[in-house]
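Visitor: Below you'll find the structure I mean.
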Ligand SMILES: Cc1cc2nc3c(=O)[nH]c(=O)nc-3n(C[C@H](O)[C@H](O)[C@H](O)COP(=O)(O)OP(=O)(O)OC[C@H]3O[C@@H](n4cnc5c(N)ncnc54)[C@H](O)[C@@H]3O)c2cc1C
Ligand code: SF4
Ligand code: SF4
């Protein structure tokens, strides 16, 4: 079954990341999104979808189609790397606001840029992901209009399942201008939607992302609280990181019990990340079609301890580099030293490995007659051709052993 003919073909084949754009396109009366037994947010058609509606979903869903930076966004000065794609510049950067820097995931670059855009009226609101105040272990899409909205809602790395685009159509219906901050797969869906809905480029003025190692299934968070004999309904605070860099994985119950774990001990080695299947075959986890992508800067890929928070940034488009320069000039963002691709490879060894492995993994799925996302301008075949043949065959065979985990 290598064809996608229904929503369940996307979810049953592990291609869904739960982004929510399908629901936003057809409405909550036709598609519901709920947590599956595996701990993934998955859509279900609760009323039949018309052919037109399903075609629209297929044109945008990041489980079906993912493309690199649109050619129109590549400018004359863009540099190019086989793994990392187009970029205009690479440098360290972080928020100049001490609280944002401390409380955010790394150095608060994304929250700092969001604040700059709000306070200079370049956008009316920020569409981003927050903690659900009633269920702190779960995430919600949030429209933030003020600094207070933006910074008091657990807007920092939320590794568990999230559907940031389930309200994207609602955002467009406001007729207002906004910035979207989310994962690379979310950005991909928005870029695809911009081809069929002209409101997207008129209103969603900036696409900011994070370099993404994958979204963990909900069971990973459940196991964490279970290990302290805490029930989900007892939680008051649930935080994966932040309040330092990386900060602690931290929970607090309504009756005041506190528990935490260090970042390295929570994540351990990559085989324990328990990411969605879609993430294992992700052709763009590095935000190729965003305006800019923020990332961590730990040499070798893991933190050696706590620090004040130093993001690196990959400015992909002219809009991205202009935004950074303006925010630096206006005093919202501090620019650190320039970086090069070798530095980025050192900070993100798992991304380097995944980008090299993706095409072989897709081949493995195809050999099992399973569908994969269609890709364009992401160079995954070119990278595959450049790889060591043994590496490719291990990756191709490896995915076959994971097929039952879809
Ligand atoms: C799923 C996931 C995987 C990650 N993998 C990597 C990685 O491989 N390498 C790496 O360097 N860093 C990774 N990070 C961490 C982080 O995003 C980076 O450190 C990045 O530099 C942003 O730091 P910041 O301080 O600028 O972010 P902040 O200023 O704290 O802003 C974070 C932004 O991300 C948004 N956000 C958080 N969680 C989600 C979500 N689930 N879906 C959509 N939007 C969300 C928030 O709304 C906020 O706008 C990951 C984060 C997540 C959520
Ligand atoms: S990836 Fe997004 S658009 Fe595709 S099926 Fe899942 S929720 Fe819907
Ligand atoms: S790894 Fe890819 S599919 Fe998974 S959350 Fe990140 S960008 Fe989305």
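Residue numbers (our numbering): 505 to 910. Every residue gets a Cβ at the ideal spot worked out from N, C-alpha and C, and that includes glycine.
1. Hey, which residues come within less than 5 Å of ligand 3, measuring from Cβ to any heavy atom, in chain order?
2. Determine which residues share a DSSP beta bridge with residue 749 and list them.
3. In its own chain, which residues sit with a C-beta less than 8 Å from the C-beta of residue 542, not counting the 5 before and 5 after it?
4. Quick one, which of 515, 907, 539 has its alpha-carbon nearest residue 873's?
5. In three-state terms, what does DSSP make of residue 872?
6. Go to residue 879, then tell me how far its beta strand (DSSP E) extends in each direction, as first and last residue.
7. Given a cut-off of 7 Å, decide if residue 839 and residue 606 are closer than it, judged by their beta-carbon atoms.
8. Are there three or more Cβ pairs, one per stretch, closer than 8 Å when the segment 611-621 is compared with the segment 647-663?
9. For residue 915, tell me which candidate among 752, 737, 678, 559 has the shortest Cα-Cα distance.
10. Out of curiosity, what's the CA-to-CA distance linking residue 601 and residue 660?
11. Just to check, is the beta-carbon of residue 524 closer than 6 Å to a non-hydrogen atom of ligand 2?
12. Looking at the unbroken alpha helix (DSSP H) that takes in residue 833, where does it start and where does it end?
13. Should residue 567 be counted as a contact of ligand 2 given a C-beta to heavy atom distance under 6 Å?
14. Going by beta carbon distance, what residues of the same chain come within less than 6 Å of residue 798, once the five residues before and after it are set aside?
15. Kindly give me the distance between the Cβ atoms of residue 879 and residue 571, rounded to whole angstroms, as I take these residues to be in contact under 8 Å.
16. Pick out the complete alpha helix (DSSP H) segments inside the segment 665-690, 4 residues or longer, and give them in chain order.
17. Figure out for me which residue from 527, 562, 566, 539 has the closest Cα to the Cα of residue 550.
18. Comparing the CB of residue 779 with every heavy atom of ligand 1, is any distance shorter than 6 Å?
19. For residue 708, which residues does DSSP report across the bridge?
20. Grab me the residues of residue 856's own chain with a C-beta within less than 8 Å of its C-beta, minus the 5 sequence neighbours each way, in chain order.
21. With a threshold of 6 Å (Cβ to nearest heavy atom), would residue 574 be considered close to ligand 2?
22. With distances taken between CB atoms, is the gap from residue 529 to residue 537 smaller than 7 Å?
23. From what residue to what residue does the alpha helix (DSSP H) around residue 602 run?
24. Would residue 822 and residue 579 qualify as a contact pair, given that the criterion is a beta-carbon distance under 7 Å?
25. How far does the beta strand (DSSP E) with residue 729 in it reach, from first residue to last?
26. Rounded to the nearest angstrom, how far is the Cβ of residue 789 from that of residue 716, given a contact under 8 Å?
27. Verify the contact flag: residue 650, CB atom, against every heavy atom of ligand 1, threshold strictly below 6 Å.
28. Identify whether residue 757 lies in helix, strand or coil by the three-state DSSP scheme.
29. Hey, would you say the C-beta of residue 662 is under 6 Å away from at least one heavy atom of ligand 1?
30. State the Cα-Cα distance for the pair residue 706 and residue 681, rounded to the nearest angstrom.
31. Since residue 842 sits in a beta bridge, which residues does DSSP pair it with?
32. By how many angstroms is the C-alpha of residue 573 removed from the C-alpha of residue 510?
33. Look at the alpha carbon of residue 785 and the alpha carbon of residue 866, and state the distance between them as a whole number of angstroms.
Guide: Let me spell this out:
1. Environment of ligand 3, chain-ordered: 521, 687, 688, 689, 716, 718, 719, 782, 783, 786, 789, taking every residue with Cβ within less than 5 Å of a heavy atom.
2. Translated into positions along the chain shown, residue 749 becomes position 245. Paired residue(s): 811.
3. Here residue 542 is taken as the residue at index 38 of the chain shown, counted from 1. Cβ neighbours of residue 542 beyond the five flanking positions: 721, 723.
4. The residue labelled residue 873 in the question sits at position 369 within the chain shown. In this structure, 907 is the residue among 515, 907, 539 with its C-alpha nearest to the C-alpha of residue 873.
5. As a position in the chain shown, residue 872 is number 368, starting the count at 1. Three-state DSSP puts residue 872 in coil, outside helix and strand.
6. Within the chain shown, the letter at position 375 stands for residue 879. It spans 878-880 - the beta strand (DSSP E) in which residue 879 sits, taken as one unbroken run.
7. Reading the chain shown from its first residue, position 102 is the one you call residue 606. Reading the chain shown from its first residue, position 335 is the one you call residue 839. Cβ distance not < 7 Å, so residue 606 and residue 839 don't count as in contact.
8. Enough Cβ pairs lie closer than 8 Å, so yes.
9. Any answer about residue 915 is impossible in this case: the structure gives the chain only from 505 up to 910.
10. The residue you call residue 601 lines up with position 97 of the chain shown. The residue you call residue 660 lines up with position 156 of the chain shown. Take the alpha-carbon of residue 601 and the one of residue 660: they are about 15 Å apart.
11. By one-based count along the chain shown, residue 524 stands at place 20. Within the cutoff, so yes.
12. For the purposes of this step, residue 833 is taken as residue 329 along the chain shown, with counting starting at 1. 822-833 is the span of the alpha helix (DSSP H), which, as asked, contains residue 833.
13. On the chain shown, residue 567 is found 63 positions in, with the first residue counted as 1. Result yes, Cβ under 6 Å from ligand 2.
14. Position 294 of the chain shown, counting from 1, holds the residue named residue 798. The answer, listed in chain order, is 613, 614, 714, 815, 817.
15. Position 375 of the chain shown, counted from the first residue, corresponds to residue 879. Position 67 of the chain shown, counted from the first residue, corresponds to residue 571. Distance from residue 879 to residue 571 at the Cβ level is roughly 7 Å; contact confirmed, criterion being Cβ atoms closer than 8 Å.
16. Within the segment 665-690, the runs of alpha helix (DSSP H) at least 4 residues long that lie entirely inside it are, in chain order, 672-677.
17. Walking along the chain shown from the start, residue 550 turns up at place 46. Of the candidates 527, 562, 566, 539, the residue whose Cα lies closest to the Cα of residue 550 is 527.
18. For the purposes of this step, residue 779 is taken as the residue at position 275 of the chain shown. Checking the Cβ of residue 779 against ligand 1 gives no.
19. To locate residue 708, count along the chain shown from 1; it is residue 204. Its beta-bridge partners are 682.
20. Counted from its first residue, the chain shown places residue 856 at position 352. If we look at residue 856 and ignore the five residues flanking it on each side, its Cβ neighbours are 587, 849.
21. Walking along the chain shown from the start, residue 574 turns up at place 70. No, the Cβ of residue 574 stays beyond 6 Å of every heavy atom of ligand 2.
22. As a working mapping, residue 529 is identified with position 25 in the chain shown. As a working mapping, residue 537 is identified with position 33 in the chain shown. Not a contact, by the Cβ cut-off of 7 Å.
23. Taking the chain shown and counting its residues from 1, the one referred to as residue 602 is at position 98. For residue 602, the enclosing alpha helix (DSSP H) stretches over residues 602-607.
24. As a position in the chain shown, residue 822 is number 318, starting the count at 1. As a position in the chain shown, residue 579 is number 75, starting the count at 1. The answer is yes: Cβ separation under 7 Å.
25. Here residue 729 corresponds to residue number 225 of the chain shown, with the count starting at 1. Unbroken run through residue 729 is the alpha helix (DSSP H), 722-730; no beta strand (DSSP E).
26. Along the chain shown, one-based indexing puts residue 789 at 285. Along the chain shown, one-based indexing puts residue 716 at 212. Contact holds; Cβ gap of about 5 Å.
27. Mapped onto the chain shown, residue 650 falls at position 146. Result no, Cβ not under 6 Å from ligand 1.
28. On the chain shown, residue 757 is found 253 positions in, with the first residue counted as 1. For residue 757, the secondary structure class from DSSP, reduced to helix, strand or coil, is strand.
29. In the chain shown, the residue the question calls residue 662 occupies position 158. Distances between the C-beta of residue 662 and the heavy atoms of ligand 1 include at least one below 6 Å.
30. Position 202 of the chain shown, counting from 1, holds the residue named residue 706. Position 177 of the chain shown, counting from 1, holds the residue named residue 681. Residue 706 and residue 681: Cα-Cα distance of roughly 8 Å.
31. The residue given as residue 842 occupies position 338 in the chain shown. The partner list for residue 842 (beta bridge, DSSP) reads 595.
32. Within the chain shown, numbered from 1, the residue matching residue 510 stands at position 6. Within the chain shown, numbered from 1, the residue matching residue 573 stands at position 69. Going by C-alpha positions, residue 510 is about 27 Å away from residue 573.
33. As a first step, residue 785 must be located in the chain shown, where it is residue number 281. As a first step, residue 866 must be located in the chain shown, where it is residue number 362. Here the alpha carbons of residue 866 and residue 785 stand approximately 7 Å from one another.
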